[in-house]
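Those protein sequences? They're chains G and B, same order as listed. Here the first sequence stands for residues 1 to 116, where the numbers follow my numbering. Here the second sequence stands for residues 1001 to 1116, where the numbers follow my numbering. In this text, a Cβ means the ideal position worked out from N, Cα and C, and glycines have one as well.
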Amino acid sequence: AQSVTQLDSHVSVSEGTPVLLRCNYSSSYSPSLFWYVQHPNKGLQLLLKYTSAATLVKGINGFEAEFKKSETSFHLTKPSAHMSDAAEYFCVVSGVDYNQGGKLIFGQGTELSVKP
Amino acid sequence: DGGITQSPKYLFRKEGQNVTLSCEQNLNHDAMYWYRQDPGQGLRLIYYSQIVNDFQKGDIAEGYSVSREKKESFPLTVTSAQKNPTAFYLCASSLDLPSGGYNEQFFGPGTRLTVL
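Here it is, written out as structure tokens:
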């Protein structure tokens, strides 16, 4: 079975400093991994996805994530935070789990605060 | 513009009443999903559907019902049997159920249901 753990429930950074949101996954198979962002009272927007191609994945708004199989991690980073990055971020795994129809498994979320 | 619409944005219900949340997509996606989101938690799958006139229970289907009479529409009914229905409900769609886990899901803006 697949599972995903977001290691921080809340991260606070200053504007212009780097962002690191940590995610570990567990999967019996080679997983697909996603990061979604959710602004308050909004739906989720896909930031980036890993599907067994390049291990360093670039997404929208300057975010990127690196798939590290040896560490079972898929951490999200951004070199310089912007005020508009303040939101909830979800790490998501979708494995080859045919019994479940390949459903997405969501982490608990990390709330990112950006201070001026 | 292609996308997913949910209505209403806010919904208030008295205890003991059934209420139906609307979800429509014009992305020509085969698969559709309903999730429930509670504060501080990730998304939990209620129901999903791969094809018209077919749907499957997710992790927390009790107290909910769905129908899939048209490809574009996947309404969710929150019944009086749902013990704690106050939550944020998100509808999503994808090209098809990701047997390979590669198809990301696209989300609607959500409906916030409050039981008075």
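With a cut-off of 8 Å on Cβ pairs, the segment 80-88 of chain G is in contact with the segment 32-45 of chain G, counting three or more such pairs. Residue 1026 of chain B sits in coil when the DSSP states are folded into three classes, being neither helix nor strand. For residue 6 of chain G, the number of other beta carbons within 10 angstroms of its own is at least 16, and it is reported as buried. Any Cβ of chain G closer than 7 Å to the Cβ of residue 1095 of chain B would place that residue at the interface, and such an atom is absent. Residue 52 of chain G and residue 29 of chain G have their C-alpha atoms spaced approximately 11 Å apart. Within chain G, the residues 34, 46 and 49 have their CB atoms less than 7 Å from the CB of residue 1104 of chain B, given in chain order. Around the beta-carbon of residue 83 of chain G, fewer than 16 other beta-carbon atoms lie within 10 Å, marking it exposed.
Within 10 angstroms of the beta-carbon of residue 1114 of chain B lie fewer than 16 other beta-carbons, which makes it exposed.
Residues 50, 55 and 74 of the same chain have their beta carbon placed closer than 6 Å to that of residue 67 of chain G, with the five preceding and five following residues left out of the count. DSSP places residue 1059 of chain B in the coil class of the three-state scheme, outside both helix and strand.
Taking one beta carbon from each stretch, the segment 1051-1070 of chain B and the segment 1080-1089 of chain B have 3 or more pairs nearer than 8 Å; the two touch.
Under the three-state reduction of DSSP, residue 1038 of chain B is assigned to coil, being neither helix nor strand. Around the beta-carbon of residue 27 of chain G, 16 or more other beta-carbon atoms lie within 10 Å, marking it buried.
At a cut-off of 7 Å between C-beta atoms, residue 106 of chain G counts as an interface residue with respect to chain B.
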